[in-house]
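Residue numbers (my numbering), protein chains in the order written: chain A, 34 to 421; chain B, 34 to 421. Glycine residues also receive a C-beta, built at the ideal position from the N, C-alpha and C atoms. Below: one structure, written as structure tokens.
This is the structure:
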């Protein structure tokens, strides 16, 4: 199967109606009269409206039929109308806080029928929960629908992958001994942002985030330590690159282990082992497999080779309207892999005194296997950058 | 009183011990055995550790004595150790998700004594609430402690205000007819970020955010509409600028209504009225006043002058470890203004066909009044920029 085509346009009404229909089908199964969304990511998924949460709440209410309703601050009405795709009834409140009887929840609570059964998100904050009437049931139905991507979403993710691949290419090109972290960050993120806004002049800045960094060898064994902005690239390696982005609402990442000029002898074996762990993960990557099985087999392979003390994380995670979400390729996540899921494959080992070893790609699951959506060098030779 | 001195160093152990002591005093009053923090902003306030929330939880547990505990992903231990200031017992879990019996909550639930009374934040998500044992009481005690700033915090906010004033100066300098939004954004945010990292080489990138934008006259009557990045500045006005930042963990903002080359006649009256509304707010700004009273009086003044249809928001909000938080200068927020609060003063009117009118500053409340921490032109003459 060929890589699907890039899509750069906002979702149309039909795309969002299909998402809503799937949510409503699950609401029916769970016998919910309403579902309440507070998570801005879920609201974006269903409406195309992106925002940051401050103290003024935005709450999307999905009734089991009819149009969507959203409780919104008066201040934001024009902003919402500018971006929202589906029919949406706005229920405006003046401000937060407000005098008694004029608060957002005074209007919110009137929306629901008495004795309604209301689905709520696992992430719903207590203060919204306490103001929500009826019988409340915590349910992950929107996260469930988000697991399987539509053709439209796949087109957006192909584009997001193209952007991060481009940012990563820039990063590798500039990387040489003594270059500072901050220079790499600035050049690679600017390259991505400029490309996005040239391609999509009406891109939504509230749905764009770009990150690009390299963990030089002295810290690459600590994958979540934030590098100092004046940290310098070094001779040798392993360096580990991370380029991640949310590209006008859709996420992707690409990461590589690489070397500058030479490969230290002690790094050869772990590089080879992690490449084999990665190959094993890809061999297993077919619809029908339980995702935890992939993680278990990858870890068993690393354990057998003596690296059990150097494993810090699972094999992968999902992408969609974020660059980090379910499904998880992880022990304990006993769900079947399905076509049109999009996941990272990124087993890693982190050895103090030697460094970190991890490649990550954004990968589409197809009917008979997978397609890598991100592009970056893979072989040790290509990843030993000559910079003299 | 003179403006307090800039502080650019991280908080020391004593500063954070004082914050914790205040939290514990309130825990005592509410008879809480524990308080659980999940909000990254509260965790930053108490530990100096900044992070983004993904699906792997970080949970800070404050016992009524002894050292703090934090449930953390194994992957993040080095990152936490790099930034945390107080004594902190780490309770590590391997990964999320995880096989049965090895999840974060298996360790989390063992922390608490049977029958413990546990304070939780209003923002606590349902999925953390459901895993928290004992008798749970929603309580805003950390938000309460955050309202009044220590001398250290004030020094940091003075610095944050200096940074946004600098970014704003840059923005005004570059602003002329036909300049695009994106150019202004890029230059002003780069100016701020560069200054921060030159001043604070070890600044925490997870606690830095910079925003700079101008609403040109065609959209300045819609204060929360996000301007298109190719939008162009125009002859005349009102343009409305926004420069806001979280500067290595501490927030500030400055905003102005300004004109390019000439002031349309129809804009003169609303400019004068909003300046008078603002003067009224400053006259009222003394410790002891109920904050809602300021907002009511400002709105009454605007109503009396015939602008009641053009008010979209309250008079102000607080600053601290964010650039947008309690206290609120708003109807319905019936709390007394106190020294060492830091708030914005920003009454606004938004008139379709004419434009938006709002100045905002970051303001420290003192024993006998206030000190503006941000600096920008204020008079109409200075804000009519000659750009021929």
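Cα-Cα separation between residue 256 of chain B and residue 383 of chain B, rounded to whole angstroms: The residue you call residue 256 of chain B lines up with position 223 of the second chain. The residue you call residue 383 of chain B lines up with position 350 of the second chain. Using only the alpha carbons, I get a separation of about 8 Å.
Closer than 8 Å at the beta carbon, the chain A residues around residue 115 of chain B: If you number the second chain from 1, residue 115 of chain B lands on position 82. In chain order, 258 and 259 make up the part of chain A whose C-beta sits under 8 Å from the C-beta of residue 115 of chain B.
Any C-beta of chain B sitting closer than 9 Å to the C-beta of residue 347 of chain A? Working through the first chain from its first residue, we reach residue 347 of chain A at position 314. Yes - at least one Cβ of chain B is within 9 Å of the one on residue 347 of chain A.
Have a look at the DSSP bridge pairing and note the partners of residue 106 of chain B. Residue 106 of chain B sits at position 73 when you count from the first residue of the second chain. Looking at the DSSP output, residue 106 of chain B sits in a beta bridge with B:126.
Going by DSSP, which residues form a beta bridge with residue 394 of chain A? Residue mapping note: residue 394 of chain A aligns to position 361 of the first chain, counting from 1. For residue 394 of chain A, which the question treats as bridged, DSSP gives the partners A:378.
Contacts of residue 235 of chain A in chain B (Cβ-Cβ under 9 Å): Within the first chain, numbered from 1, the residue matching residue 235 of chain A stands at position 202. Residues of chain B with a Cβ closer than 9 Å to the Cβ of residue 235 of chain A are, in chain order, 261, 262 and 263.
Separation of residue 280 of chain B from residue 233 of chain B, as counted between CA atoms: To locate residue 233 of chain B, count along the second chain from 1; it is residue 200. To locate residue 280 of chain B, count along the second chain from 1; it is residue 247. Whole-angstrom Cα-Cα distance: 10 Å.
Please confirm if residue 77 of chain B has its CB atom under 9 Å from at least one CB of chain A. Numbered from its first residue, the second chain carries residue 77 of chain B at position 44. Closer than 9 Å to the CB of residue 77 of chain B there is not a single CB belonging to chain A.
Closest by CA to residue 203 of chain A, which one among A:413, A:191 and A:287? Translated into positions along the first chain, residue 203 of chain A becomes position 170. Ranking A:413, A:191 and A:287 by Cα distance to residue 203 of chain A puts A:287 first.
Relative to the alpha-carbon of residue 118 of chain B, which residue among B:137, B:102, B:108 and B:132 has its alpha-carbon at the smallest distance? In the second chain, the residue the question calls residue 118 of chain B occupies position 85. With distances taken between Cα atoms, residue 118 of chain B lies closest to B:102.
What are the start and end residues of each continuous beta strand (DSSP E) run of 3 or more residues lying completely inside the segment 328-352 of chain A, in chain order? Runs of beta strand (DSSP E) with 3 or more residues, each lying fully within the segment 328-352 of chain A, are found at 349-351, listed in chain order.
Would you mind giving the Cβ-Cβ distance between residue 418 of chain B and residue 296 of chain B, rounded to the nearest angstrom? I have them listed as a contact below 8 Å. In the second chain, the residue the question calls residue 418 of chain B occupies position 385. In the second chain, the residue the question calls residue 296 of chain B occupies position 263. Between residue 296 of chain B and residue 418 of chain B the Cβ distance is about 11 Å, and since that is not below 8 Å, they are no contact.
Give a yes or no on whether the minimum CB-CB distance between residue 145 of chain A and chain B is below 9 Å. Reading the first chain from its first residue, position 112 is the one you call residue 145 of chain A. Answer no: the Cβ-Cβ gap between residue 145 of chain A and chain B never drops below 9 Å.
Can you look up residue 234 of chain B in the DSSP assignment and give me helix, strand or coil? One-based indexing of the second chain puts residue 234 of chain B at position 201. Looking at residue 234 of chain B - three-state DSSP - the assignment turns out to be coil, as it is neither helix nor strand.
Please list the partners that residue 197 of chain B has in chain A, where partner means a Cβ-to-Cβ separation under 9 Å. As a working note, residue 197 of chain B is residue 164 in the second chain. Correct list: empty, because the minimum Cβ distance to chain A is about 18 Å.
Taking 9 Å as the CB-CB limit, is residue 129 of chain A close to chain B? To locate residue 129 of chain A, count along the first chain from 1; it is residue 96. At least one CB of chain B lies nearer than 9 Å to the CB of residue 129 of chain A.
Restricting to Cα atoms, I'd like to know which of B:357, B:402 and B:322 is closest to residue 276 of chain B. Position 243 of the second chain, counted from the start, is the residue given in the question as residue 276 of chain B. For residue 276 of chain B, the nearest C-alpha among the options comes from B:357.
For residue 321 of chain A, does the three-state DSSP call read helix, strand or coil? Counting from 1 along the first chain, the entry for residue 321 of chain A is found at position 288. Per DSSP, reduced to three states, the secondary structure at residue 321 of chain A is coil, with no helix or strand assignment.
Measuring only between beta-carbons, confirm whether residue 192 of chain A sits less than 9 Å from chain C. The structure shown contains no chain C; the protein chains it does contain are A and B.
Bridge-paired residues (DSSP) for residue 286 of chain A: Your numbering for residue 286 of chain A matches position 253 in the first chain. DSSP output for residue 286 of chain A lists A:277 as bridge partner(s).
Answer with yes or no whether the minimum CB distance from residue 273 of chain A to chain B is below 9 Å. Walking along the first chain from the start, residue 273 of chain A turns up at place 240. False, the Cβ-Cβ gap to chain B never drops below 9 Å.
For a quick check, are the C-beta atoms of residue 274 of chain A and residue 245 of chain A less than 9 Å apart? Counting from one through the first chain, the residue named residue 274 of chain A turns up at place 241. Counting from one through the first chain, the residue named residue 245 of chain A turns up at place 212. A contact, by the Cβ cut-off of 9 Å.
Answer yes or no: does any C-beta atom of chain B fall closer than 9 Å to that of residue 369 of chain A? Stepping through the first chain from its first residue, residue 369 of chain A is reached at position 336. Not closer than 9 Å to any Cβ of chain B, the Cβ of residue 369 of chain A fails to qualify, so no.
Got a sec? Which residues, its chain only, sit under 6 Å from residue 77 of chain A by beta carbon, not counting five neighbours each side? On the first chain, position 44 is the one that residue 77 of chain A refers to. So the qualifying residues of the chain are 83 and 354.
Rounded separation between residue 164 of chain B and residue 161 of chain A - CA only: Residue mapping note: residue 164 of chain B aligns to position 131 of the second chain, counting from 1. Residue mapping note: residue 161 of chain A aligns to position 128 of the first chain, counting from 1. Roughly 18 Å separates the two Cα atoms.
Any C-beta of chain A sitting closer than 9 Å to the C-beta of residue 380 of chain B? Start at 1 with the first residue of the second chain, and residue 380 of chain B comes out as number 347. Under the Cβ criterion of 9 Å, residue 380 of chain B is not counted among the residues facing chain A.
When DSSP labels each residue in this structure, what does residue 387 of chain A get in the three-state scheme? Stepping through the first chain from its first residue, residue 387 of chain A is reached at position 354. The answer is coil: DSSP assigns residue 387 of chain A none of H, G, I, E or B.
Alpha carbon of residue 170 of chain B to alpha carbon of residue 100 of chain B, nearest angstrom: Along the second chain, read from residue 1 onward, the residue named residue 170 of chain B stands at position 137. Along the second chain, read from residue 1 onward, the residue named residue 100 of chain B stands at position 67. Computed Cα separation, rounded: 22 Å.
Could one say the Cβ of residue 228 of chain B lies closer than 9 Å to chain A's Cβ atoms, at least one of them? On the second chain, position 195 is the one that residue 228 of chain B refers to. Output row for residue 228 of chain B: interface = no.
Residue from A:285, A:294, A:172 and A:359 with nearest C-alpha to residue 211 of chain A: On the first chain, residue 211 of chain A is found 178 positions in, with the first residue counted as 1. The residue with the shortest Cα to Cα distance from residue 211 of chain A is A:294.
Just to confirm, is the Cβ distance from residue 42 of chain B to residue 198 of chain B under 9 Å? Translated into positions along the second chain, residue 42 of chain B becomes position 9. Translated into positions along the second chain, residue 198 of chain B becomes position 165. Not a contact, by the Cβ cut-off of 9 Å.
Tell me the rounded alpha-carbon separation between residue 365 of chain B and residue 180 of chain B. Taking the first residue of the second chain as position 1, residue 365 of chain B is located at position 332. Taking the first residue of the second chain as position 1, residue 180 of chain B is located at position 147. Their Cα atoms are separated by approximately 17 Å.
In terms of DSSP beta bridges, what is residue 213 of chain B paired with? Here residue 213 of chain B refers to the residue found at position 180 when the second chain is read from its first residue. Bridge partners of residue 213 of chain B: B:265.
Excluding five sequence neighbours on each side, which residues of the same chain lie with their C-beta closer than 6 Å to the C-beta of residue 266 of chain B? The residue labelled residue 266 of chain B in the question sits at position 233 within the second chain. Cβ contact annotation for residue 266 of chain B (same chain, cutoff 6 Å, sequence separation greater than five): 208, 210, 212 and 249, in chain order.
Those runs of the alpha helix (DSSP H) which lie wholly inside the segment 39-95 of chain B and span at least 4 residues: 46-62 and 73-80, all fully within the segment 39-95 of chain B.
Counting only beta-carbon separations shorter than 9 Å, does residue 108 of chain A have a partner in chain B? The residue labelled residue 108 of chain A in the question sits at position 75 within the first chain. Yes, contact with chain B.
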